[in-house]
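Everything on this sheet refers to the single structure shown next.
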Ligand SMILES: Cc1cc2nc3c(=O)[nH]c(=O)nc-3n(C[C@H](O)[C@H](O)[C@H](O)COP(=O)(O)OP(=O)(O)OC[C@H]3O[C@@H](n4cnc5c(N)ncnc54)[C@H](O)[C@@H]3O)c2cc1C
Ligand SMILES: Nc1ncnc2c1ncn2[C@@H]1O[C@H](COP(=O)(O)O)[C@@H](O)[C@H]1O
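Chains as they are written, first to last, in the numbering used here: chain A, 62 to 320; chain B, 9 to 330.
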């Protein structure tokens, strides 16, 4: 089985993140890049499926040169090889353009299963997996809390606020996963050493047969006009419980008409 | 006035969800709202849709929406976008609503704005306000290509009634084979307890690791019930198995923005704050005066939650008694 995992490098969420004033794009330069949290679960699921059914796991990431670090980390978890889609013209791409480039790369690389995280922590749109499924005309099996591959069929347990649904489609298919699906492994020392020698292919827009006019910030279909930092919250009243903490909290709630 | 398509959110029993009223309220600012209804039940829903100013209701009574995932709804919307050339398409910013939006965007070559908490008309089309990075910034954005598709976060815009005709018009629709690739073979709807929905609640009471155990967490439910609130939990609580995952608030859980958020035994890690820091009023109870949650609290009590909360419950009961 040929499994491709779409991995996005995102700014670390442990620190305050922002946009770049001027072009209003995500500030990727001044914050450390890490693998999008949910994509680690996608990698783990791919490795598990490959272990159970045989096959190869390829990491596919679209991003600036810096994303190479995250690709290495994904390889050190145990993936076999990687494809890095990188081109200056892609900078600032929105979900529509990202899905175009990822779909083109998936077509070129070939896949039985394409596994995604269900959402990225920077854009938080959750659009890309459904968009890629639409572009490739393959089953969309998203928001999976469980994935089962049997022969040429994939079945997932889809978990949403509405409840649980069992959804089936045939390979090739797009799958996205949630954070309850597994426990991502840590790279081992051996894994880290081995990752250094694993092949990473770089693809440009031209390699994918795409025009610069269909991607990137200048051509984004969704456009940020401006942004503002949330006004800081004014300092509140903090009291120490002297046996009256509950009453004082009730007093505050009453004053604000919550009780 | 141009039409604005609103994809109605309803459960499998045909009950119209609250967010649909919010979508219609937002759509009225942009043009004439036409509801798009998937599956049976449009006639029964008519009064509710009329209450929020629906002018038309395009009813596509097909079983395909229940049998196949997401793609049929996107196909129906694309068909209607082609026929009606609407000024915008509004969907609920739920996981499923966003997926429909994504597929529709690809089909129509349009931009999508997700997680909008407000939308207003502008010179270049609708302008959406989107909180980003866990609410630390707010972005104003527009769509520059195709038909603007906007996914509104439930609770972002408040639903205001305004009577409309909600004229039901049947639409012939059957999904293509391409839209039938993901088959739904089983469904178990989420248990709806007596409490309000976490993302729609006016008041949320959340508990953290400080509650100590699944039993200890019971005090959070008690406080929530006394305030008519939804219950939330920190990731530490969910990871420990004290409370189910769907109640997790934060970066990898729900984003909430209630009138009142009460954080009990929660330290206030950046990933937790990402899901609640846009709450109007924040109250924190924590025994550690250095806990970061106090930095964003409007009112905080430094103390043992097992002493403070019972007293608070008594006081609330007294208030109710008077
Ligand atoms: C990628 C990533 C994503 C994450 N996503 C989320 C998310 O979505 N949501 C989330 O919540 N977290 C998330 N986290 C985890 C987050 O970093 C914190 O670990 C978590 O929020 C801590 O939960 P807590 O506040 O309940 O526990 P703790 O940090 O352990 O805090 C417990 C608090 O309870 C207080 N306390 C203890 N006993 C008492 C008592 N008797 N009375 C009063 N106070 C008491 C303590 O002083 C302490 O402040 C994420 C982390 C990562 C790395
Ligand atoms: N630039 C990218 N490179 C690789 N995968 C991506 C990229 N952007 C998004 N994805 C995938 O799409 C998922 C959802 O992201 P999003 O739609 O941005 O919230 C992520 O978890 C990734 O699996």
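Glycine included, every Cβ here is placed at the ideal spot set by N, Cα and C.
Being a predicted model, the structure only gives us computed values, none of them experimental.
Around the beta carbon of residue 123 of chain A, a 10 Å sphere encloses 16 or more other beta carbons of the protein chains shown; the residue is thus reported as buried. Shown here, residue 244 of chain A sits in coil according to DSSP, grouped into three states, outside any helix or strand. Every residue with a CB closer than 5 Å to a heavy atom of ligand 1 is listed here in chain order: A:98, B:216, B:217, B:218, B:242, B:243, B:244, B:258, B:259, B:260, B:261, B:273, B:274, B:275, B:277, B:279, B:280, B:294, B:295, B:296, B:299, B:312, B:313. Shown in chain order are the members of the stretch 215-240 of chain B whose Cβ falls below 8 Å from a Cβ of chain A: 235. Taking the Cα positions, residue 94 of chain B is about 10 Å away from residue 157 of chain B. In the DSSP assignment, residue 171 of chain B is bridged to no other residue.
Among the residues facing chain B, residue 192 of chain A is included, as its CB has a counterpart in that chain under 9 Å away.
For residue 226 of chain A, the enclosing beta strand (DSSP E) stretches over residues 224-231.
Pairing residue 244 of chain B with residue 220 of chain B, the inter-Cα distance amounts to about 10 Å. Within the DSSP bridge table, the entry for residue 293 of chain B names B:272, B:309 as partners. When secondary structure is reduced to three states using DSSP, residue 161 of chain B falls in the coil class, being assigned neither helix nor strand. DSSP, reduced to helix, strand and coil, places residue 100 of chain A within a helical segment of the structure shown.
Among the residues of chain A, those whose CB is under 8 Å from the CB of residue 106 of chain B are 186, 187, 188, 191, following chain order. If only complete runs of 3 or more residues are kept, the stretch 240-300 of chain A shows the beta strand (DSSP E) at 261-264, 283-290, in order along the chain. Only residues of its own chain outside the window of five on either side were considered, and among them 177, 203, 235, 237 have a CB closer than 6 Å to the CB of residue 190 of chain A, listed in chain order. Excluding its 5 nearest sequence neighbours in each direction, residue 65 of chain A has C-beta neighbours in its own chain below 7 Å: 119, 121, 167, 170, 172, 175, listed in chain order. DSSP places residue 181 of chain A in the coil class of the three-state scheme, outside both helix and strand.
Annotation: residue 242 of chain A to residue 63 of chain B spans about 44 Å, alpha carbon to alpha carbon. Residue 205 of chain A sits in a strand when the DSSP states are folded into three classes. Excluding sequence positions up to five before and after residue 63 of chain A, its CB lies within less than 7 Å of the CB of 116, 117, 171, 172, 173, all in the same chain and listed in chain order. Distances from the alpha-carbon of residue 75 of chain A to those of B:117, B:125, B:144, B:224 put B:144 closest.
Straight across, the Cα-Cα distance linking residue 51 of chain B with residue 274 of chain B is about 47 Å. Counting the other Cβ atoms within 10 Å of the Cβ of residue 103 of chain B gives 16 or more, which makes it buried. Below the 9 Å Cβ cutoff, chain B contributes 292, 297, 302, 305, 307, 308, 309, 310 as neighbours of residue 299 of chain A, in chain order. Counting every other CB atom within 10 Å of its CB across the protein chains shown gives residue 183 of chain A a total of 16 or more, marking it as buried. At the C-beta level, residue 308 of chain A and residue 235 of chain B stay beyond 9 Å of one another. Within the stretch 174-200 of chain B, the residues whose Cβ lies closer than 7 Å to any Cβ of chain A are, in chain order, 186, 189, 190, 191, 192, 193, 194, 195, 196, 197, 198. For residue 107 of chain A, same chain residues with a beta-carbon under 6 Å away, outside a window of 5 residues either side, are 64, 66, 118, 176 in chain order. Restricting attention to B:114, B:173, B:264, the CA atom closest to the CA of residue 56 of chain B is found in B:173. Annotation: the continuous beta strand (DSSP E) that includes residue 46 of chain B extends over 40-46. For the options A:142, A:94, A:272, A:86, the alpha carbon positioned closest to that of residue 263 of chain A is the one of A:142. For residue 234 of chain B, the three-state secondary structure derived from DSSP is helix.
Bounds of any beta strand (DSSP E) do not take in residue 82 of chain A, whose DSSP letter is neither H nor E. For residue 88 of chain B, no Cβ of chain A is located within less than 9 Å of the residue's own Cβ. The C-beta of residue 212 of chain A has fewer than 16 other C-beta atoms within 10 Å across all chains shown, which makes the residue exposed.
Not flagged as an interface residue toward chain B: residue 247 of chain A, since no C-beta distance is shorter than 9 Å.
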